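Convert by adding 535 to the 1-based position in the sequence shown; the result is the number in the working numbering.
Positions of the beta carbon are idealized from the N, C-alpha and C atoms, including for glycine.
Because the structure is a prediction, the values reported are computed rather than measured.
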Amino acid sequence: MESGICYIKEEYLVPEIKHNAAQKDPVELGNKRKSNEENTSGDKKQQKYQKTNKKERKRGQNKNRPVFKQDSSLFLCHSLMNGPNLEKCTHQNCRYVHDLAAYFASKPEDLGEKCPVFDAIGFCTRGVTCRFAKAHLDAEGRNIKSPDYNENKARTSMNGITNELQVRLRKREYDFTRSKQLVNQSDKLRDENKKKVVASGSVKPLRDMTVVEDKATTAEIVETVKPPDTEKAIGAVVDNVETGGRDTAKKPPVDFAEKLILSPLTTVGNLPFRRICKEFGADITCGEMACAVPLVKGLTQEWALTKRHESEHVFGVQLCGNNPNIIAQAAQLLQETTSIDYIDLNIGCPIELIYQHGGGSALMRRTNVLETIVRSCSSMSLKIPFTVKMRTGVYADKSVAHELMPLVEEWGAAAVTLHGRSREQRYMKSANWQYIEECAAKVKYIPVIGNGDILNFEDYNEKRKQAPHVSSVMIGRGALIKPWIFKEIKEQKPFNPTSAERFDILRKYVNYGLEHWGSDMKGVENTRRFLLEWQSFMYRYIPYELLANPPQQINQRPQKFRGRDEMETLMSSPNSTDWVRLSEMLLGPVPVGFEFVPKHKANAY
Ligand SMILES: Cc1cc2nc3c(=O)[nH]c(=O)nc-3n(C[C@H](O)[C@H](O)[C@H](O)COP(=O)(O)O)c2cc1C
Ligand SMILES: [Zn+2]
Ligand SMILES: [Zn+2]
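Here it is as structure tokens:
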């Protein structure tokens, strides 16, 4: 028995096909053992499998992904969105379509008789352009509202950016005095502390890695800053401001202890996905990493990452950046203009470009800068705690988390998450939970969140046992592969959905996607793209009943298998053309020229 292989019961095994190494897909690579066996099956599907993942596998993100373009001639003018003769187009030289009949003639068939958005909310803002429009157009072609539609209740998500704020940021009129003060104060405090320590001769001063940071692009720093009134607040959020000491009796605004936390997940950790995880029992959710610079510049796309669904009871926004001033400005903006419960700083991000500019995991090597960031952002608000998410270090043989974690606590973070791998390791090795425990034991007061390789309730139990100083766990790929993992952990038993039940989860996701991204052509295609990105992880789920030695382990590649029914087989296919087929069952045929290349490589084994 090889440890890297997930063995499947005899009756579900599918014979291997012989082919050259360059064309092997990840599943088949796991089956080197059997790869010399003759292909005795003439099955069409098998030949299709053979074609998968021909592209060279690089680390990190897939570059050169095809961009899906839409024909703008098909776009209807906004004035006709709710049907004819309701509004007049006020734009000179409006380049959108104003002829409803022509628009309908060019519009593809509706995707279904019921509009998921109309059914959920009682009104579909995409009106005439909705791909389910007939469900809510009256005889005159006007967009109708259901009698029980309630505008106030219809908004189920919040945050993002208003036009007004966008204008203020672009004109550099937002007052960032507060963040500037806190950064200056934090710098001062750090330097004073350093001097004391160096003078006492106990520690050598640390030298930070040198990088070129982003420039502070926003409002020029006001020199005549108000006398700091929050000086003593620098330190942990739970610090007693009057005494400057830690008041352990005071209840922190967010309780990070004993929680199941959904990882921040770029692209795939979108709002519709988080809704699914909430329904399966995730306690705390976090948005996809947002970069400080575009936030401070007011870019709509970045602000979209701050959106929160009403079901996300404890919700955080994760920040990434390399410059203390800009990160503090972004934190101030989030605190003052959005509804969120905490802000997390990503100092584990391995992306090369971010790293080279001193952000993400490079901050683990820039402790002076990190100190300023954590001190300033932690002291900014007593209501919105600041947390830090890190890796073991940059290099596999040079772990630094055990030194950094107690420091991050001292500087004021309200919780710290440790992903038990280094930047260098990416996903190639198992997360080191022994080291996570070692680090957690060094942190005195704040909750430590352990992260890495949890796919089953058994993994959860084992890791909790192995790391008693860890108070909560964070789950990333485990939730992508099986979003019901939260339920499994809470119920302490496996949940073994049938393929029909799993397909219902996809359908629900699609409905949430249409509600979030819109049910017009653009929204449908966005929803499809994100469904496919998710499926690039989800296909790795192996139904419990098929496993020779349950439970499935996250880093194991399965032997080639088929499911108990056709749908189960389709859902386990590593072939992206099969994922597209799944999407077509829910969202209709793909547009002409459609191609899909997953964004993340972490979906592979
Ligand atoms: C697709 C994908 C996207 C991720 N995006 C982020 C991110 O935006 N911010 C972050 O801190 N970590 C990100 N991570 C790392 C995860 O949050 C988590 O730390 C890591 O996957 C280890 O946990 P796991 O073994 O449970 O997946 C991402 C991971 C994956 C697979
Ligand atoms: Zn117009
Ligand atoms: Zn609709």
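Exercise. Exposed or buried, what is L939 when buried is set at 16 or more other beta-carbons lying within 10 Å of its beta-carbon?
Worked result: Position 404 of the sequence shown, counted from the first residue, corresponds to residue 939. By the 10 Å Cβ count, L939 comes out buried.
For this session: Measure the alpha-carbon distance for S1071 versus T691 and round it to whole angstroms.
Result: The count along the sequence shown starts at 1 and reaches residue 1071 at position 536. The count along the sequence shown starts at 1 and reaches residue 691 at position 156. Cα to Cα, the separation comes out at about 28 Å.
For this session: Assign M925 to buried or exposed, taking buried as 16 or more other Cβ atoms, counted over all protein chains shown, within 10 Å of its Cβ.
Result: For the purposes of this step, residue 925 is taken as the residue at position 390 of the sequence shown. That one is buried.
Exercise. Of all the options A674, H892, Q969, which has the alpha carbon lying nearest to the alpha carbon of V828?
Worked result: For the purposes of this step, residue 828 is taken as the residue at position 293 of the sequence shown. For the residues A674, H892, Q969, the minimum Cα distance to V828 belongs to H892.
Exercise. CB-CB under 6 Å to W1019, same chain, minus the five flanking residues each way: which ones, in chain order?
Worked result: What you label residue 1019 is simply residue 484 of the sequence shown in a count that begins at 1. F815, F1030.
Problem set entry | ligand 1 heavy atom lying under 7 Å from the CB of T922 | Translated into positions along the sequence shown, residue 922 becomes position 387. T922: no, Cβ never under 7 Å from ligand 1.
For this session: Could you spell out the range, first to last residue, of the alpha helix (DSSP H) harbouring D726?
Result: Locating residue 726 in the sequence shown gives position 191, counting from the first residue. It spans 712 to 734 - the alpha helix (DSSP H) in which D726 sits, taken as one unbroken run.
Problem set entry | N860 and V747 closer than 8 Å at C-beta | Reading the sequence shown from its first residue, position 325 is the one you call residue 860. Reading the sequence shown from its first residue, position 212 is the one you call residue 747. Taking 8 Å as the Cβ cut-off, N860 and V747 do not qualify as a contacting pair.
For this session: Could you name the residues whose beta carbon sits closer than 6 Å to any heavy atom belonging to ligand 2, keeping them in chain order?
Result: C612, S614, C624, H626, C629, Y631, H633
Exercise. At which residues does the alpha helix (DSSP H) containing F1072 begin and terminate?
Worked result: The residue given as residue 1072 occupies position 537 in the sequence shown. F1072 -> alpha helix (DSSP H) spans 1056 to 1073.
Problem set entry | Collapsed DSSP secondary structure at F1129 in the structure displayed | Residue mapping note: residue 1129 aligns to position 594 of the sequence shown, counting from 1. In this structure, F1129 counts as coil in the three-state DSSP scheme.
Exercise. So which of R677, T1104, Y1076, M1102 has the shortest CA-CA distance to Q1091?
Worked result: Counting from one through the sequence shown, the residue named residue 1091 turns up at place 556. Q1091 has its Cα closest to that of Y1076, out of R677, T1104, Y1076, M1102.
Problem set entry | 8 Å Cβ cutoff met for F653 and Q867 | As a first step, residue 653 must be located in the sequence shown, where it is residue number 118. As a first step, residue 867 must be located in the sequence shown, where it is residue number 332. Their beta carbons are not under 8 Å apart, which means F653 does not touch Q867 by this criterion.
Problem set entry | For D1113 and V1127, the rounded distance between their alpha carbons | Mapped onto the sequence shown, residue 1127 falls at position 592. Mapped onto the sequence shown, residue 1113 falls at position 578. Roughly 17 Å separates the two Cα atoms.
Exercise. Can you list, in chain order, the residues of its chain whose CB lies under 6 Å from that of A817, leaving out five sequence neighbours each side?
Worked result: Numbered from 1 along the sequence shown, position 282 holds the residue referred to as residue 817. Excluding positions up to five away in sequence, the list reads L795, L797, F1021.
Exercise. Does DSSP classify Y547 as helix, strand or coil?
Worked result: By 1-based counting over the sequence shown, the position of residue 547 is 12. Y547: helix per DSSP, three-state reduction.
Exercise. Which residues in the same chain as V1125 place their Cβ atom closer than 8 Å to its Cβ, once the five residues preceding and following it in sequence are excluded?
Worked result: Here the question's residue 1125 lines up with position 590 in the sequence shown. Excluding sequence neighbours, V1125 sits near R1063, V1115, S1118, E1119.
For this session: Please state whether DSSP places G851 in a helix, a strand or coil.
Result: Numbered from 1 along the sequence shown, position 316 holds the residue referred to as residue 851. The answer is strand: DSSP assigns G851 an E or B state.
Exercise. Mapping DSSP to helix, strand and coil, what is D1113?
Worked result: Locating residue 1113 in the sequence shown gives position 578, where the first residue counts as 1. Helix, per DSSP.
Exercise. Taking a cut-off of 7 Å, which residues have a beta-carbon closer than that to any heavy atom of ligand 3, in chain order?
Worked result: C650, V652, F653, C659, R661, C665, F667, A668, A670, H671, S1054
For this session: With DSSP collapsed to three states, give me the class of R630.
Result: Mapped onto the sequence shown, residue 630 falls at position 95. If DSSP states are grouped into helix, strand and coil, R630 belongs with coil.
Exercise. Can you find a heavy atom of ligand 1 that lies under 7 Å from the Cβ of L545?
Worked result: Here residue 545 refers to the residue found at position 10 of the sequence shown. Residue identity differs from the one stated: residue 545 is Glu in this sequence, not Leu. False, no ligand heavy atom lies under 7 Å from that Cβ.
Exercise. Where do the ends of the beta strand (DSSP E) carrying H954 lie?
Worked result: Taking the sequence shown and counting its residues from 1, the one referred to as residue 954 is at position 419. Run containing H954: 950 to 954, per the beta strand (DSSP E) assignment.
For this session: Following the continuous beta strand (DSSP E) through M1009, name the residue where it begins and the one where it ends.
Result: For the purposes of this step, residue 1009 is taken as residue 474 along the sequence shown, with counting starting at 1. First-last of the beta strand (DSSP E) with M1009: 1007 to 1010.
Problem set entry | Bridge partner(s) assigned by DSSP for Y877 | Numbered from 1 along the sequence shown, position 342 holds the residue referred to as residue 877. Y877 pairs with G851.
Exercise. Taking Cβ positions, are M841 and T873 nearer each other than 8 Å?
Worked result: Counted from its first residue, the sequence shown places residue 841 at position 306. Counted from its first residue, the sequence shown places residue 873 at position 338. According to the sequence shown, residue 841 is Thr rather than Met. Yes, Cβ-Cβ distance for T841 and T873 is below 8 Å.
For this session: Spatial neighbours of K680 within its chain, please: CB distance less than 7 Å, with the 5 preceding and 5 following residues excluded, ordered by chain position.
Result: Here residue 680 refers to the residue found at position 145 when the sequence shown is read from its first residue. Excluding residues within five positions, the ones whose Cβ falls inside 7 Å are G657, F658.
For this session: Please check the pair S911 and C665, which I expect to be a contact at CB under 8 Å, by giving their CB distance rounded to whole angstroms.
Result: Taking the sequence shown and counting its residues from 1, the one referred to as residue 911 is at position 376. Taking the sequence shown and counting its residues from 1, the one referred to as residue 665 is at position 130. With a Cβ gap of about 46 Å, S911 and C665 do not count as contacting.
Exercise. Going by DSSP, which residues form a beta bridge with C821?
Worked result: Along the sequence shown, read from residue 1 onward, the residue named residue 821 stands at position 286. Answer is G851.
Exercise. Buried or exposed: where does K1134 fall if 16 or more other Cβ atoms within 10 Å of its Cβ makes it buried?
Worked result: For this step, residue 1134 is matched to residue 599 along the sequence shown. Burial call: buried.
For this session: For the beta strand (DSSP E) containing M1102, list its first residue and its last residue.
Result: On the sequence shown, position 567 is the one that residue 1102 refers to. No beta strand (DSSP E) holds M1102; the alpha helix (DSSP H) holding it covers 1101 to 1106.
Problem set entry | Local conformation of H671 per DSSP, three classes | Residue numbering aside, residue 671 sits at position 136 when the sequence shown is read from its first letter. If DSSP states are grouped into helix, strand and coil, H671 belongs with the helices.
Problem set entry | Nearest residue (CA-CA) to G634, options F610, V951, R809 | As a first step, residue 634 must be located in the sequence shown, where it is residue number 99. Correcting the residue type first, residue 634 is Asp in the shown sequence and not Gly. Out of F610, V951, R809, F610 has the C-alpha closest to the C-alpha of D634.
For this session: Look up T907 in the DSSP assignment and say whether it is helix, strand or coil.
Result: Along the sequence shown, read from residue 1 onward, the residue named residue 907 stands at position 372. Three-state result, T907: helix.
Problem set entry | Pairwise C-alpha distance: I1089 and H844 | Working through the sequence shown from its first residue, we reach residue 844 at position 309. Working through the sequence shown from its first residue, we reach residue 1089 at position 554. Cα-Cα distance, rounded: 29 Å.
Exercise. In three-state terms, what does DSSP make of G662?
Worked result: Taking the sequence shown and counting its residues from 1, one reaches residue 662 at position 127. The answer is helix: DSSP assigns G662 an H, G or I state.
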